[in-house]
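Only one structure is covered here, and it is reproduced in the block below.
What follows is the structure in structure tokens.
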């Protein structure tokens, strides 16, 4: 793990969801979130999200302390795996054998 843990002082709730639930979150309605990547009462750390084949991931941040404001910094790093396919020319040799009569002296 080459990603270091950033400093943090305040707690907040971090939710990961799709675009539909992002609009529910913004309007303070009931919303659903993905368990992978979501953290409640989160102060600081690195969150790894694996096996996400979804486009349009949204992050919602909620201040869980109603008395004090917080400062939030988010850094997103995407490490992806790309499959590379190449076409190459392969030569094959065909060896034909046959029996021929031989003469012995």
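In the working numbering, the protein residues as written are 3 to 107.
No residue lacks a Cβ here, since even glycine has one placed at the ideal position from N, Cα and C.
Just so you know, these numbers come straight off a predicted model, no measurement behind them.
Asked                                                                                                    : Found
Closest by C-alpha distance to residue 50, when choosing among 97, 89, 21 and 78                         : 78
Reduced DSSP category for residue 98 - H, G, I as helix; E, B as strand; rest coil                       : coil
Pick from 7, 6 and 14 that is closest to residue 72, judged by C-alpha positions                         : 14
Minimum C-alpha distance to residue 40 - residue among 12, 18 and 64                                     : 18
Run of the alpha helix (DSSP H) containing residue 28, from where it starts to where it stops            : 21-28
Rounded distance between the beta-carbons of residue 60 and residue 24, thought under 8 Å                : 4 Å
Beta strand (DSSP E) runs contained entirely in the region 27-66, provided each spans 3 or more residues : 36-44 and 60-64
Neighbourhood of residue 35 by C-beta, 7 Å cutoff - its chain only, sequence neighbours within 5 removed : 17, 18, 19 and 23
C-alpha gap between residue 89 and residue 52, whole angstroms                                           : 30 Å
Pair within 8 Å by beta-carbon distance, residue 63 and residue 74                                       : yes
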